[in-house]
Amino acid sequence: MDFDELLDRRATGAEKWNPATLEGIYGTSDLLPLWVADMDFRSPAAAGAYLHARADVDEFGYEIEPPQVRPTVANWCATRHGWPVDPEHLTAAPSVVNVLGAAVQLFTEPGDGVIIQPPVFFYFALTVRRNERKLVNNPLRLVDGRYEMDFEDLEAKAADPRNKLLILCNPHNPIARVWTADELRSVDEICRRHGVHVVSDEIHGDIVYPGHVYTPFARVADNATTALSPAKTFNVAGITGAFAHIADDTARQRFREFQRRLGLMKKNALEQGVTEAVYRDGAEWVDALMGYLGRNVAYVRERLDQIEGVELIEPDGTYLMWLDFRGLGLDRKQLSTFLVERARLGLNAGSVFGREGAGFARMCIACPGRTLEEAFDRLEQAVAG
């Protein structure tokens, strides 16, 4: 588990490092890319061991779902988070975004409102619009450097009978809040009171720093759809999918029937095998990862103390740092130019997460310490002029 190793990810076709992709987004490939939410680390040995052993068989016909996949996922939820999951309540899906899209289709009709809490993962808004639903914003509030939910506004939006669904991000991307159990109970109470279904994206649930606790929304809510995936936890986004956890029998059967209509129930056998392997044998790797990420967060905090005009929104979890550049006094276009042309950094512009993100940028710190050092050297020099 050498997280200091510098990997050449360009050789693997990694989206984050692909020159053509960078050119298309930023107008240049001469950048240090810290934008895509995946890791510049080797994945757990359990993933490679499974793939090598399976490849040695030299036979890749149709296969059934490995019988231990869902029990292994459920065991991870129970042992890691104290969440007793019935394996029968899990349904495999191609991706977390697929689960969100299915929920939009199942619990709303065209023209209905879907509530999101910006600044938030940009696929939430895209999913709502692509499914011809109305986007309803319940913006988060930044109070003394920490984001909070606006429950009064959420109550008002949920009370509108045209709004049928809330897409929750728990933990939240990009602001790195890990919502407390009390906050999630408030969400559940409001949504239950007004008949609003909640689908919760919990792909970052395992990446939580000391002093904070990830509470699965399903632990405080009776009827919710939860999207889970090993992708972020184990750095296997290129080969694994997701699971929808739905405890309600009727809702779960509706979800499964929807997936069948789209032909999405047949899963890739290698994907399922890797999922089982990392959830079964990857705990030690995740523990080591969290120690390394914690040191990276401390490094970001230390460097930003020395850079005038840029502030860190203190993270509770995830490996995504939400950086406040408003102190530089730049508008949206000027900030983009500053980061690309002067700092030569490929970050996610805050505005892509909603207009509430203007003046901010998202940085992925799941990278070797030397990469992070280079990034902040560039940023410090750019700010100094």
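Start counting the sequence shown at -6; every next residue gets the next number (our numbering). Ideal placement from N, C-alpha and C gives every residue a C-beta, glycine not left out. Please read these numbers as outputs of a predicted model, since none were measured by experiment.
With a cut-off of 8 angstroms on the beta carbons, I'd call T226 and V279 a contact; round off their distance for me. For the purposes of this step, residue 226 is taken as residue 233 along the sequence shown, with counting starting at 1. For the purposes of this step, residue 279 is taken as residue 286 along the sequence shown, with counting starting at 1. Sure, about 6 angstroms apart at Cβ, within 8 angstroms.
Nearest-angstrom Cα distance between I300 and E58? Within the sequence shown, residue 300 is the residue found at index 307, counting from 1. Within the sequence shown, residue 58 is the residue found at index 65, counting from 1. Computed Cα separation, rounded: 51 angstroms.
8 angstroms CB neighbourhood of R122 in its chain, flanking five on each side removed: In the sequence shown, counting from the first residue as 1, residue 122 sits at position 129. For R122, where only same-chain residues beyond five positions count, the Cβ hits under 8 angstroms are L128.
Would you call the CB atoms of T268 and V66 closer than 9 angstroms? Within the sequence shown, numbered from 1, the residue matching residue 268 stands at position 275. Within the sequence shown, numbered from 1, the residue matching residue 66 stands at position 73. Cβ atoms of T268 and V66: closer than 9 angstroms.
Are the beta-carbon atoms of L177 and N163 separated by less than 9 angstroms? Translated into positions along the sequence shown, residue 177 becomes position 184. Translated into positions along the sequence shown, residue 163 becomes position 170. For L177 and N163, yes; Cβs fall inside 9 angstroms.
From the DSSP output, read off the bridge partner residues of E304. For the purposes of this step, residue 304 is taken as the residue at position 311 of the sequence shown. DSSP, once it has assigned bridges, lists D317 as partnering E304.
What separation, rounded to the nearest whole angstrom, lies between the Cα atoms of I239 and A7? Working through the sequence shown from its first residue, we reach residue 239 at position 246. Working through the sequence shown from its first residue, we reach residue 7 at position 14. If I take the Cα positions, the gap works out to 33 angstroms.
Under 9 angstroms, do P132 and E277 count as touching if we go by C-beta distance? Counting from 1 along the sequence shown, the entry for residue 132 is found at position 139. Counting from 1 along the sequence shown, the entry for residue 277 is found at position 284. Not closer than 9 angstroms, so no.
Which of helix, strand or coil DSSP assigns to S193: Your numbering for residue 193 matches position 200 in the sequence shown. Here S193 sits in strand by DSSP.
Against chain B, does L297 count as a neighbour if the rule is that its beta carbon must be under 9 angstroms from one of theirs? The structure shown contains no chain B; it holds only a single protein chain.
Report back the beta-carbon spacing between R212 and W76 to the nearest angstrom; my notes put them in contact at under 8 angstroms. Here residue 212 is taken as the residue at index 219 of the sequence shown, counted from 1. Here residue 76 is taken as the residue at index 83 of the sequence shown, counted from 1. Confirmed, Cβ separation roughly 6 angstroms.
Counting only the same chain and skipping the five closest in sequence on each side, list residues whose C-beta sits under 6 angstroms from that of W172. The residue given as residue 172 occupies position 179 in the sequence shown. Around W172: N163.
Considering Cα atoms alone, identify which of A230, M314, E304 is closest to S88. Along the sequence shown, read from residue 1 onward, the residue named residue 88 stands at position 95. The residue with the shortest Cα to Cα distance from S88 is A230.
Between the beta-carbon of V303 and the beta-carbon of L365, is there less than 9 angstroms? Reading the sequence shown from its first residue, position 310 is the one you call residue 303. Reading the sequence shown from its first residue, position 372 is the one you call residue 365. No.
With a cut-off of 8 angstroms, do at least 3 Cβ pairs link the segment 358 to 376 to the segment 44 to 51? no
Hey, I160 and L93: beta-carbon distance below 9 angstroms or not? The residue you call residue 160 lines up with position 167 of the sequence shown. The residue you call residue 93 lines up with position 100 of the sequence shown. In this structure, L93 lies closer than 9 angstroms to I160 by Cβ.
Do F115 and V333 come within 9 angstroms of each other at the CB atom, strictly closer than that value? As a first step, residue 333 is located in the sequence shown; it is residue number 340 there, counting from the start. As a first step, residue 115 is located in the sequence shown; it is residue number 122 there, counting from the start. Against a cut-off of 9 angstroms, the Cβ pair of F115 and V333 comes out as no contact.
9 angstroms Cβ cutoff met for S179 and A220: One-based indexing of the sequence shown puts residue 179 at position 186. One-based indexing of the sequence shown puts residue 220 at position 227. Not a contact, by the Cβ cut-off of 9 angstroms.
Taking just the CA atoms, how far does Y272 sit from I196? Taking the sequence shown and counting its residues from 1, the one referred to as residue 196 is at position 203. Taking the sequence shown and counting its residues from 1, the one referred to as residue 272 is at position 279. Between I196 and Y272, the C-alpha separation is close to 14 angstroms.
According to DSSP, residues forming a beta bridge with A85: Position 92 of the sequence shown holds residue 85. The partner list for A85 (beta bridge, DSSP) reads F236.
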